[in-house]
Structures are given as C-alpha cells and as structure tokens.
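A short worksheet on the structure shown next.
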Amino acid sequence: MAHNFEKIKISPIALGHWRLPEWKLSARELLDLTEKCIDIGVDTIDSADIYGDYSCEQLFGKALALKPLVRSKIKLVTKCGIRLLSKKFPDVFIKHYEYSYRHIVNSVEQSLRNFGTDYIDLLLLHRPSPLLNPAEVAMAFSHLRQSGKVLHFGISNFQPLQIDILQSYLDVPLVVNQVEISPLKPNCIHNGTLDYMMAKRIIPMAWSPLAGGKLLNPVSNTERRVFQSLQQAGQMLKLQPEQVAISWLITHPSGIIPVIGTGNFQRIKMAIEASTVTLEHQHWFSIYRAILGRDVD
Ligand SMILES: NC(=O)c1ccc[n+]([C@@H]2O[C@H](COP(=O)([O-])OP(=O)(O)OC[C@H]3O[C@@H](n4cnc5c(N)ncnc54)[C@H](OP(=O)(O)O)[C@@H]3O)[C@@H](O)[C@H]2O)c1
C-alpha cells in the first residue's frame, strides 16, 4: 500500500446533498448556504451521481458556478456504482450495481462536468456488489488518481472482508467507509465494522446520523426510549436531543464524521456545535442502554 498520500481533511460534520431537491433552493441560495457552512467549519459536501435522480451534482455545480473560488474551499465527496431506473438512462431496465473500469471512469467524468470542477476530493464506491472485480476497480482508481481527477478513494456500506479484498488489489489506501450509524442503527458499533475500521485507520462517515429525522419523531417503543434518553442527557448537558445524538456518535473513538442531511442552517450550526462535545462515559452509556433496552452485561 502506498503511504505517500497527503491525508484527506474532512470537516467534523459533513453536509449530505441527498435531500437537496427537497430544500427548494435557488443556485444563489445554495451558494449562500454553502458559504455560511464553510464559515462555521462544515466544508465537506457529500453527494452521489444518483442523488435526485442524477440531478443533485448539477444543482450544486450551478451554485458553484456563481462563485468559482468557493470550489477550493470545500471537499467534494461523491459516489458511483449504483445504476437506477431512470428516464435519463433508458437502456437500464433493472436497478443494479456496476463497477467496470468504463463505468467508474465515465461516472467520475460526468460528476466532474456536473460540478464544473476538474477534481473530486473523495470518490466512494456506493455499495458492495457481488460482481465487483477488484482488479478492474484497481485499474480505474489508478487512472483516476494519475490523471488527478480523484484525490482520495473510499467505499460505502462495505463489510470488513469486502474492504480487505478490494484493498489487497489497490496501490492507493481506502481512507473512508461511509456506513449507516445512528442511535437507531447501531449495528456497526457492535458487529465489528467500526473496530475493523479503527484497526485499519479508515475514517467512518455516518450516513443518516439522525436516522433520517426518525430519531426526533419516535413512533415505536425503542424509538421512544432512545428519544427519551437523548432528552434526559440533553437536559443535564444543556443540549438539544439531536445534538446529544451527534455528540454520542463523535464520542466513539473511531472518529466518526456524521453526514447530516438538513438544509436548515440553524440545524447545521447545532450539529457543528455538538461535534465539539464528547460525552462523559455515563451519559454515553445512558443512551447505549436505551438502544439495547437493558443494562450492559
Ligand atoms: N452512502 C449511502 O449509502 C447513503 C445513504 C443515505 C444517505 N447518505 C448520505 O447521508 C446524508 C444524510 O442522510 P439523511 O438525510 O438521512 O440524514 P439525517 O441528518 O439523519 O436526516 C435528515 C432528515 O432529518 C430531518 N431533521 C433533522 N433535524 C431534525 C430535527 N431537529 N427535527 C426533526 N427533523 C429533523 C431533516 O429535516 P429538515 O430538512 O427539515 O431539517 C431531514 O429530513 C445524505 O444526504 C447523503 O449524503 C448516504
């Protein structure tokens, strides 16, 4: 594995663009939001080729085009590999994954055109595929790295063994695995995924850190119990429940980067504030207890 790479610097909170079309922002408003985020230290934008039926990258590209200088102030993360049913791709007749050399390179080149930039800071393979051929991915990564089109590489939703297999073919390190983690989706914490990533120094990015908003609108018994634990800790710590959820994630020693999905600036601000607060053990375990529904053994 090559070790001569400059380390990627991702902000403690990343802003996800999956729900961007729902925010109903003009290009000017999106640019303003982006600049306000940069000012408070949220400079990492998480997107994907497929977001918004293949429209989100371009929406952001239009915002960046209004002030090209902003590009150098952000870290652009995007993904490839999922092929959706879409009017834009009439030849695709079933949702599937594709990691051929051609598809990876074409997808990145399209992302570059969409964003109006000549480099992606971090490219993630969106989901593991039973047909992923690691030797072919290695060729694509090598080309993208050497041509300067992608600076860093990672994966998303990969299991430890899948990471090992791919990494063994690469001459670039996989620096990030983006996985679902929240107090309502804690599996990565106890199924060995985060332990593995710590061992390999792979940064975990947590998608849907507020469980897509479900954390704040509890319905089931478990959801209510977890929400109550966040409220109780929040009262003691003078934090909002969603802030406690963020602090709970960043307190884990693996260095989790929550990827939040709100376009509401006040909520983004609350998240970055929460990212500076590590929870005392007993507060952390009070939430873990609510997640487990029992005391630890
Ligand atoms: N790699 C993958 O496979 C994968 C999969 C899914 C997502 N992602 C990435 O992860 C990002 C975040 O995912 P997400 O959007 O599900 O994250 P999230 O932050 O867990 O959820 C965002 C949702 O929660 C709502 N919300 C936030 N704060 C709230 C509050 N205090 N009260 C009530 N509702 C609240 C937001 O509504 P408002 O907009 O009204 O604030 C928004 O609808 C995505 O944008 C994408 O970049 C990656």
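Just so we're on the same page, this note's numbering is the position in the sequence shown counted from 1, plus 1. C-beta atoms are modelled at their ideal positions from N, C-alpha and C, and glycine is treated no differently. The structure presented is a predicted model; accordingly, all values stated were derived computationally and were not measured.
Beta-ladder partner(s) of residue i, from DSSP
i      : result
Cys81  : Leu126
Ile121 : Val151
Tyr170 : In the DSSP output, where bridge partners are listed per residue, Tyr170 has none listed.
Tyr197 : DSSP lists no partner for Tyr197.
Rounded separation between residue i and residue j - CA only
i      : j      : result
Met198 : Gln111 : 30 Å
Thr279 : Ile251 : 7 Å
Phe142 : Pro219 : 42 Å
Gln241 : Ser287 : 16 Å
Leu231 : Tyr170 : 43 Å
Val173 : Gly82  : 19 Å
Glu243 : Pro129 : 30 Å
His104 : Val245 : 40 Å
Leu152 : Ala212 : 30 Å
Leu21  : Thr263 : 9 Å
Glu137 : Ser148 : 17 Å
Ala64  : Val43  : 17 Å
Ala291 : Ser248 : 16 Å
Backbone secondary structure at residue i - three-state DSSP
i      : result
Ala3   : Legend: pLDDT at Ala3 = 39, less than 50; position of this residue unreliable, value from coordinates given subsequently. DSSP places Ala3 in coil when its eight states are reduced to three.
Val176 : strand
Thr45  : strand
Gly235 : helix
Glu181 : strand
Pro259 : strand
Tyr52  : helix
Ser287 : helix
Gly214 : helix
Pro205 : strand
Ser1   : Nothing in the structure corresponds to residue 1, since the chain is present only between 2 and 298.
Lys37  : helix
His253 : coil
Lys74  : helix
Bounding residues of the beta strand (DSSP E) (the contiguous stretch that carries residue i)
i     : result
His18 : No beta strand (DSSP E) holds His18; DSSP gives it neither H nor E.
Residue i, enclosing alpha helix (DSSP H) - first and last residue
i      : result
Leu60  : 57-66
Arg114 : 102-116
Asn188 : 188-191
Glu274 : 266-275
Residue-level contact to chain B via CB, residue i, 7 Å cutoff
i      : result
Ser276 : Note that chain B does not occur in the displayed structure, where there is just one protein chain.
* Inter-stretch contact (C-beta, 8 Å, three-pair minimum) for the stretch 41-59 and the stretch 10-21 -> yes
* To do: Assess, as a yes-or-no matter, whether the stretch 86-103 is touched by the stretch 54-63 under the definition of 3 or more beta carbon pairs within less than 8 Å.
  => yes
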